[in-house]
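Numbering (the working numbering), first residue to last: 850 to 1379.
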């Protein structure tokens, strides 16, 4: 009865480990953590096959042969398990991972070769009620068992230390399952292989059969907590590596955990220079202030412009999406940044805005003088007329017409006439306020719109331009030219039906100045008094 129980339990262990290995690889066969744990279960299954053959062997010598060949299963298990643990906890101990782990594998292989080729590991076989069992040799007791216990206990210690770190709650739960899962067969094997025999109690080995408990625990953790589905390498590696946009994954402390090639290309730093560094080292300023973090926790994601700094300390403007990364329990474990370089887009927008502004200026600007044109003046005149009516304000209008300008064109040519117009335009712009509008109305005629200027202020400005600014630094050949000015003022108590009426009044005042001998200033009120 005990024989069949032992056989069934060993067979169940074989099937359970093969099934678990298949499930793990189906989750993500490219994930190194998954591959190592799957390898661990495959070696247990290999051990189970030869254990069944050993139990059911027809002779003691044949049982010994099966035991020796089973050694490739159990001698390498400690090294595989410790390697898995180091990958699971993301150990950065390069000495342990690069140099000591290969030594542990070599020791395991050496124990297997010694078992097959010598009797140092096996003193003999004995037939028990549960089938053939081995009697450990001196090297097994003095060498392999300490090695076996050391590596498994080391793995448990590393997992225990990992739990004590500031890791997400779900990660801690996964780690607890791994500790319990391996502890059951480990301590079961130590008890049945060492403690009970020392007390004179002989039972069949539990290390192998109790791996079924490990399978059940790990299987439940996979179903409930997605234990061995901890990375997205298989599904996402191609997408990440071919993304044109920058992808950066941060932990909760804003340290960089993952980048794609686009990040390296944009910033000019190597992967080694970026990984584990704080993201703020590569930003023009710290964008992750309290307000942003609160917004992320509340909304889950946000978009903003971030300026990164490349290796040459050049600012790189990006359109960046920041999303919170949560585990299955809803706890924040990090942040994902997807950034698009928008420097070219910014440059194009700037050029478009500049071109648009130039077009707008061309639409409202006189190409010869750079002053506003007639169209724009009429628009602003109407706007000021309506504003003054609404707010009960006063404003004035000056019309300037050059005297004897035709003589300049006839004597010196049109190019000299154009030069004179530009000279007068610059003088007008320099004489008025920033809020005033100066426009070329046509030919040699100019108009100045003076918001909120009364009659006295407008006439004084016109006379100042006529006698001072107009003639200051005027080239000698233009001295025959003077200016006739007409001024009109809108007052709330004055009955004007439109802005055109005010323009007509200023024009009438201009012709009064012409009629009275030119080179003078007239106000529309003077026209009405004549």
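Backbone N, C-alpha and C define an ideal beta-carbon position, used for all residues, glycine too.
Remember, it's a predicted structure, so these values are computed and weren't measured experimentally.
Would you kindly check if the distance between the Cβ of residue 1337 and the Cβ of residue 1351 is under 8 angstroms? yes
Proximity below 8 angstroms, CB of residue 928 to CB of residue 953: yes
I need the straight-line Cα distance from residue 1365 to residue 1203, nearest angstrom please. 48 angstroms
Residue 1374 by DSSP, collapsed to three states: which one? helix
Is the beta carbon of residue 917 less than 8 angstroms from the beta carbon of residue 964? yes
Helix, strand or coil for residue 1084? Go by DSSP, reduced to three states. Low local confidence applies: a pLDDT of 46 at residue 1084 is under 50, so the model's placement there is unreliable, and no value is given.
Going straight from the alpha carbon of residue 794 to that of residue 1247, what length do you get? The chain is shown only over 850 to 1379; residue 794 falls outside these bounds and no answer can be derived.
How many Å lie between residue 1126 and residue 1013 at the Cα? 23 angstroms
If you follow the alpha helix (DSSP H) that residue 1164 is in, where does it begin and where does it stop? Note, residue 1164: premise wrong, no alpha helix (DSSP H); beta strand (DSSP E) at 1164-1175.
Restricting to Cα atoms, I'd like to know which of 1194, 1181 and 1174 is closest to residue 1154. 1194
Residue range of the unbroken alpha helix (DSSP H) whose run includes residue 916: 909-923
List the DSSP bridge partners of residue 1289. 1295
Scan the segment 1078-1133 and note each continuous beta strand (DSSP E) run of 3 residues or more that stays entirely inside, going in chain order. Taken in chain order, the whole beta strand (DSSP E) runs of length 3 or more contained in the segment 1078-1133 are 1095-1100 and 1105-1108.
Runs of beta strand (DSSP E) wholly within the segment 1001-1025 (minimum 3 residues, chain order): The segment 1001-1025 contains no whole beta strand (DSSP E) run of 3 or more residues.
What is the DSSP secondary structure of residue 1245, counted as helix, strand or coil? The answer is strand: DSSP assigns residue 1245 an E or B state.
Alpha carbon to alpha carbon, how far is residue 1241 from residue 1353? Give it in angstroms, no decimals. 21 angstroms
Does the segment 930-941 come close enough to the segment 989-1007 that 3 or more CB-CB pairs lie under 8 angstroms? yes
Locate the beta strand (DSSP E) running through residue 1151, then write down its first and last residues. 1150-1158
Is it buried or exposed, residue 987, if we count other Cβ atoms within 10 angstroms and call 16 or more buried? exposed
Same chain only: Cβ atoms within 6 angstroms of residue 1361, ignoring 5 sequence neighbours per side: Annotation for residue 1361: 1371 and 1376 place their beta carbon closer than 6 angstroms to its own, counting only its chain and skipping 5 residues before and after.
Rounded to whole angstroms, what's the CA-CA distance from residue 1268 to residue 1293? Just pull it up for me. 12 angstroms
State the DSSP-derived secondary structure class of residue 984, mapped to helix, strand or coil. strand
With a cut-off of 8 angstroms on the beta carbons, I'd call residue 1128 and residue 1167 a contact; round off their distance for me. Contact check for residue 1128 and residue 1167: beta-carbon distance about 13 angstroms, past the 8 angstroms limit, so the pair fails to qualify.
Taking C-beta to C-beta, are residue 913 and residue 971 nearer than 8 angstroms? Their beta carbons are under 8 angstroms apart, which means residue 913 touches residue 971 by this criterion.
Quick check: what's the CA-CA separation for residue 1019 versus residue 1176? 7 angstroms
Tell me the rounded alpha-carbon separation between residue 982 and residue 1123. 56 angstroms
Opposite residue 959 in the DSSP bridges: which residues? Partner(s): none; residue 959 has no beta bridge.
Which class does residue 1338 belong to by DSSP, given the choice of helix, strand or coil? strand
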